[in-house]
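Chains S and W, in that order, are what the protein sequence lines are. Residue numbering for the first sequence is 1 to 84, as defined by our numbering. Residue numbering for the second sequence is 1001 to 1221, as defined by our numbering. One structure is given below, encoded as structure tokens.
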Amino acid sequence: MVLILRRMDFQSVVHKIYDPFKFLPWVKARERRAAAQISTLIDGKPFLYASVNAGALKIIEDVNFLPDTSEARVKLRLLVVRVK
Amino acid sequence: MATTSTVIAIKVHFELITKDKLRRVIFGLEKDTQGTAITWKINFDLFEREKKTDPWGDAMVHVDIEVDKVLQPKAEKAALNGMTAGQQAHALGPAADDQKAAAAGRDTSRRRQRHHASHPQKDLSQGDIPPTGTHSHTVNRAGVQHAGALIQANGRNLYLFSLGRIMSNKNYLLRAFRLSLLLLLLGGSTVVLAQSPKPNVADASCDGIDLEKDGFSVRSS
């Protein structure tokens, strides 16, 4: 899962979520939900580390794009936030 | 508009369960940026249960570590490349055992001394994996114990839990891990490839970043 922030100018950003598993219907639905919340939080607003790292990233974590397989022996989740 | 990109946050979350499903280890590695300050944190949680059908309950051991600044590039490398099979095995076995002992208030230094007397140290960063058990070739300090061993490692490699082998010789875990890592990192390859190897990149949002700043510390809870 990659959260990409693109600066439109020096005052505001827009976001984009990239998920390699977006082709899965349930992932896509969750991504849309997360995107709506993140958009409200950061899009068109001044860039703040707090709103990105503590806000947007937390939203993605809470949405939990992985299926609930509690007994899987190995789980790996990678979240990356980058600014372009 | 700047054409470079900067990774300002990374969160890696590994969850490993032993083959008998009685022990679970959660290992986290986080990069956070607040203005000009970049921090790397490592989280370690150990869960155990008597029977496979029991719930995991609360973590028996929980450790938070802030990585020393000199090892931050290595932490970043580990975050992007994932744990090796030896690191996974060590996280599930010896590291978990030592964390458990530390949480119980037992001093493992004597056991460690006995161990070192009978097991000469090896350079584990070269991929040498010791046998199963409570073996450790790192220097333990009270409190931080094994999860902290990675930050006092030999200076050449940040071998995160790089000791031990408790998984089966068939290496099913290794195969599954590599496959999942490959899938995920392929998806995130644009980020990985776009990241500058230099701590400071030519981006206006990173002006003034100074990694030479001191003041990082190690703590456990």
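From the three backbone atoms N, C-alpha and C, an ideal C-beta is built for every residue, glycine too.
Among the candidates the options, whose CA atom is the shortest distance from the CA of residue i?
i	options	result
leucine 24 of chain S	S/Lys75, S/Leu66, S/Arg77	S/Leu66
threonine 1006 of chain W	W/Asp1032, W/Lys1021, W/Ile1017	W/Asp1032
glutamate 1015 of chain W	S/Arg77, S/Gly55, S/Arg82	S/Arg77
arginine 73 of chain S	W/Ala1009, W/Ile1065, W/Ile1026, W/Ile1008	W/Ile1026
asparagine 64 of chain S	W/Pro1055, W/His1013, W/Asp1054, W/Gly1093	W/His1013
valine 1063 of chain W	W/His1090, W/Leu1046, W/Thr1053, W/Ile1008	W/Leu1046
aspartate 1054 of chain W	W/Thr1004, W/Leu1022, W/Ala1096	W/Leu1022
threonine 40 of chain S	S/Lys22, S/Val13, S/Ala29	S/Val13
serine 51 of chain S	S/Ile38, S/Tyr18, S/Asp62	S/Ile38
lysine 1052 of chain W	W/Ala1089, W/Thr1004, W/Arg1024, W/Asp1068	W/Arg1024
arginine 1049 of chain W	W/Asp1020, W/Ala1089, W/Thr1004	W/Asp1020
valine 1067 of chain W	W/Asp1098, W/Thr1004, W/Ala1101, W/Ala1037	W/Ala1037
alanine 34 of chain S	S/Leu3, S/Leu48, S/Pro46, S/Tyr49	S/Leu3
threonine 1039 of chain W	S/Leu48, S/Asn53, S/Ala29	S/Asn53
isoleucine 60 of chain S	S/Lys22, S/Phe21, S/Arg30	S/Arg30
arginine 82 of chain S	S/Lys75, S/Glu71, S/Phe47, S/Asp62	S/Phe47
glutamine 1034 of chain W	S/Tyr49, S/Phe21, S/Ile42	S/Tyr49
Would DSSP call residue i helix, strand or coil?
i	result
aspartate 1032 of chain W	strand
tryptophan 1040 of chain W	strand
lysine 75 of chain S	strand
glutamine 1006 of chain W	Checking the sequence, you will find threonine at residue 1006 of chain W rather than glutamine. Three-state result, threonine 1006 of chain W: strand.
valine 1067 of chain W	coil
lysine 1011 of chain W	strand
leucine 48 of chain S	coil
glycine 1188 of chain W	Only weak support exists for where glycine 1188 of chain W lies, its pLDDT of 45 falling under 50; the coordinates are left without a value.
glycine 1093 of chain W	coil
asparagine 64 of chain S	coil
tryptophan 26 of chain S	helix
lysine 58 of chain S	helix
aspartate 1054 of chain W	coil
From the DSSP output, which residues share a beta bridge with residue i?
i	result
phenylalanine 21 of chain S	Looking at the DSSP assignment, phenylalanine 21 of chain S forms no beta bridge with any residue, so it has no partner.
phenylalanine 1047 of chain W	W/Arg1024
leucine 1016 of chain W	S/Val74, W/Val1025
arginine 32 of chain S	Arginine 32 of chain S is not bridged to any residue.
valine 81 of chain S	S/Leu3, W/Ala1009
histidine 1062 of chain W	W/Asp1045
Going by the beta-carbon positions, is the gap between residue i and residue j smaller than 9 Å?
i	j	result
phenylalanine 1044 of chain W	glycine 1028 of chain W	yes
lysine 1011 of chain W	leucine 5 of chain S	no
valine 80 of chain S	alanine 1009 of chain W	yes
isoleucine 1017 of chain W	isoleucine 1042 of chain W	no
valine 1061 of chain W	alanine 1096 of chain W	yes
threonine 1004 of chain W	lysine 16 of chain S	no
Buried or exposed for residue i, going by 16 or more other Cβ atoms inside 10 Å?
i	result
glycine 44 of chain S	exposed
aspartate 19 of chain S	buried
arginine 32 of chain S	exposed
glutamate 1030 of chain W	buried
glutamine 985 of chain W	The structure shown does not extend to residue 985 of chain W, since chain W is modelled only from 1001 to 1221, so the question has no answer here.
glycine 1093 of chain W	buried
aspartate 62 of chain S	exposed
lysine 1198 of chain W	Caution is warranted here: a pLDDT of 45 is assigned to lysine 1198 of chain W, below 50, making its placement in the model unreliable, and the coordinate value is therefore given only provisionally. Lysine 1198 of chain W is exposed by the Cβ-count criterion.
Measuring only between beta-carbons, confirm whether residue i sits less than 9 Å from chain A.
i	result
isoleucine 1010 of chain W	Looking for chain A here will not work: the only protein chains present are S and W.
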